[in-house]
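Below: the structure, in structure tokens.
Residue numbers (my numbering): 11 to 488.
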């Protein structure tokens with residue numbers, strides 16, 4: 011857990027006792043000690059406001075992201091906001107409830123209270139079969155709001171729960187900007203950014219003195235609690251091998267056929283394990299647009315780890331800046347809640363974000379070394395995908411905008427963008443995208459750059475040909 015010993019001053023407001031003066035908390039099978047932690051004030055207020063409705067509220071995210079701690083904070087603040095209240099809290103992972111609690115068991119505990127609770131909290135509710143129906147019935151009978159925590163992939167589960175009438179709050183690992191806010195320092199260089207990203211954003215392990223050991227412990231916790239016990243999987247060793255392989259492949263393409271060649275077993279077994287691992291939130295699989303019509307066994311998809319700290323701890327070798335940056339960019343797109351796919355054009359691969367019918371292409375060029383980008387190739391890719399904007403993320407400090415035919419191309423420093431992610435272009439007097447054909451070194455150049463000079467990393471097609479470079483994009487592109 012996060013503690014003042016890491017060199018950061020933690021505000022006292024983070025140490026809130028569970029039971030408010032005059033209140034009572036009925037707890038079954040759980041240790042309610044209030045550990046030091048990081049919480050998100052915006053999420054906290056949002057959850058508290060939602061508890062006034064008569065629908066269940068769910069905190070969803072991968073294990074270790076801080077759902078239980080946020081639920082404890084909500085319970086404490088709920089008591090303080092409503093005066094004398096009774097909170098019913100049930101830990102559904104307690105060994106005394108194995109092989110698994112039933113709805114009748116939960117109802118018996120609830121009836122044992124001397125009066126109806128003002129708030130019902132079910133921690134790790136996935137272990138309660140038919141929990142959605144039980145929560146709705148409890149809301150109707152007791153008139154008390156129900157708060158649940160669920161360890162799962164927000165991309166796969168969030169929409170299903172919302173369709174079923176559950177108010178969902180998605181929890182993600184701490185982003186780079188959130189970690190910088192903790193230390194009250196938003197200025198960060200490349201080396202510092204890499205260190206922060208390698209630490210990861212899971213409060214349960216990010217600030218542990220033995221980070222690698224804590225990550226392995228969390229991995230085993232996820233695999234045994236969320237997969238092995240729930241699905242009665244016998245080949246646990248194969249499950250562990252496959253999970254480590256997927257996590258350390260973060261930012262790279264994988265396919266069922268390739269995984270089978272790595273000794274993952276039959277196609278059916280590989281597919282079953284892959285679905286189970288992805289459901290936990292440990293990884294996310296992103297389809298490539300070009301492979302949507304291919305055989306599902308051969309189709310390549312990009313895999314992304316749910317947390318960069320897990321990648322750093324589980325990888326047998328160092329993760330490249332390219333894959334580190336691409337995984338971090340994917341995490342930011344996940345927080346935006348938009349649909350994400352992978353795309354490929356010529357020698358360039360990137361991420362495609364679809365938001366309300368608008369398409370944005372993101373190109374990660376954060377490889378070590380130097381190179382140049384063909385702006386025509388990028389604008390062609392944008393037209394092919396119907397994109398209005400192309401965001402090029404690299405390691406150079408230079409930032410630049412241009413109007414290509416039909417789209418806006420923006421060049422940004424990867425680390426600066428991660429500390430303040432946005433897809434909005436600079437409003438510095440540039441013409442609307444598509445209204446004027448712009449060329450590097452031409453009249454629509456970025457402010458402060460002399461006419462005729464080249465832009466680092468971006469070059470016009472004829473300039474690339476004159477330089478004698480081979481066709482396509484240089485190797486420093488993703």
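For every residue, glycine included, the Cβ atom is placed at its ideal position computed from N, Cα and C.
Problem - Which of helix, strand or coil DSSP assigns to residue 340 - result: helix
Handout entry: Simplified DSSP state of residue 401, which is helix, strand or coil
Key = strand
Exercise for the section: Spell out a yes or no on whether the segment 60 to 71 and the segment 175 to 189 are touching, meaning 3 or more CB-CB pairs, one atom from each, closer than 8 Å. Expected result: yes
Practice task
Return the Cβ separation of residue 157 and residue 81 in integer angstroms, given the expectation that the two are a contact with Cβ distance under 8 Å.
Solution key: 6 Å
Exercise for the section: Return the first residue and the last residue of the beta strand (DSSP E) that residue 71 is part of. Expected result: 67 to 71
Exercise for the section: Would you mind giving the Cβ-Cβ distance between residue 181 and residue 75, rounded to the nearest angstrom? I have them listed as a contact below 8 Å. Expected result: 5 Å
Problem - Beta-carbon spacing of residue 288, residue 166 below 8 Å - result: yes
Problem - Residues near residue 88 in its chain [Cβ-Cβ closer than 6 Å; skip 5 each side] - result: 129
Problem - Nearest candidate by alpha-carbon position, reference residue 324, set 146, 86, 427, 223 - result: 223
Exercise for the section: Assign residue 354 to one of three DSSP states: helix, strand, or coil. Expected result: strand
Exercise for the section: For residue 173, write down the residues that DSSP places opposite it in a beta bridge. Expected result: DSSP output for residue 173 lists no bridge partner at all.
Practice task
Check the DSSP bridge columns for residue 363 and list the partner residues they point to.
Solution key: 350, 370
Handout entry: Inter-residue spacing [alpha-carbon to alpha-carbon] between residue 266 and residue 235
Key = 25 Å
Problem - Inter-residue spacing [alpha-carbon to alpha-carbon] between residue 244 and residue 237 - result: 11 Å
Handout entry: Cβ contact check for the segment 198 to 218 and the segment 242 to 260: 3 or more pairs under 8 Å
Key = no
Practice task
Indicate the three-state DSSP secondary structure (helix, strand or coil) for residue 249 in the structure shown.
Solution key: helix
Handout entry: Identity of the residues DSSP links to residue 295 by a beta bridge
Key = 313
Problem - Rounded Cβ spacing between residue 319 and residue 417 (contact assumed at less than 8 Å) - result: The Cβ separation is near 35 Å, so there is no contact.
Practice task
Classify residue 286 as buried or exposed, calling it buried when 16 or more other Cβ atoms lie within 10 Å of its own Cβ.
Solution key: buried
Practice task
State the DSSP-derived secondary structure class of residue 264, mapped to helix, strand or coil.
Solution key: strand
Handout entry: Spatially closest choice to residue 148 from 162, 127, 163, 164, by CA coordinates
Key = 127
Practice task
Just tell me which of 423, 269, 282, 263 has its CA closest to the CA of residue 353.
Solution key: 263
Practice task
Figure out for me which residue from 171, 163, 230, 164 has the closest Cα to the Cα of residue 146.
Solution key: 171
Problem - Residue nearest to residue 7 in terms of C-alpha spacing, selected from 423, 432, 421 - result: Shown here, the chain extends from 11 to 488; a query on residue 7 therefore has no answer.
Handout entry: Chain-order list of residues whose beta-carbon lies under 7 Å from that of residue 215 (same chain, five-residue window excluded)
Key = 74, 221, 224, 225, 228, 319
Problem - Three-way DSSP call (helix, strand, coil) for residue 208 in this model - result: helix
Exercise for the section: Can you check DSSP and say which residues form a bridge with residue 411? Expected result: 420
Handout entry: Endpoints, the alpha helix (DSSP H) within which residue 561 is located
Key = Residue 561 lies beyond the stretch modelled for the chain, which goes from 11 to 488, so this question has no answer here.
Practice task
With a threshold of 16 other CB atoms inside 10 Å of the CB of residue 183, please say whether the residue is buried or exposed.
Solution key: buried
Exercise for the section: Decide if residue 399 is buried, meaning its Cβ has at least 16 other Cβ atoms within 10 Å, or exposed. Expected result: buried
Practice task
Note the first and the last residue of the continuous alpha helix (DSSP H) segment covering residue 387.
Solution key: 385 to 395
Exercise for the section: For the alpha helix (DSSP H) containing residue 433, list its first residue and its last residue. Expected result: Counting along the chain, residue 433 falls outside any alpha helix (DSSP H), and DSSP gives it neither H nor E.
Exercise for the section: Output yes or no for whether 8 Å exceeds the beta carbon distance between residue 298 and residue 316. Expected result: no
Exercise for the section: Just grab the DSSP bridge partners of residue 159 for me. Expected result: 69
Practice task
Specify the secondary structure class of residue 129 as computed by DSSP and reduced to three states.
Solution key: strand
Problem - Helix, strand or coil at residue 179 [DSSP, three-state] - result: strand
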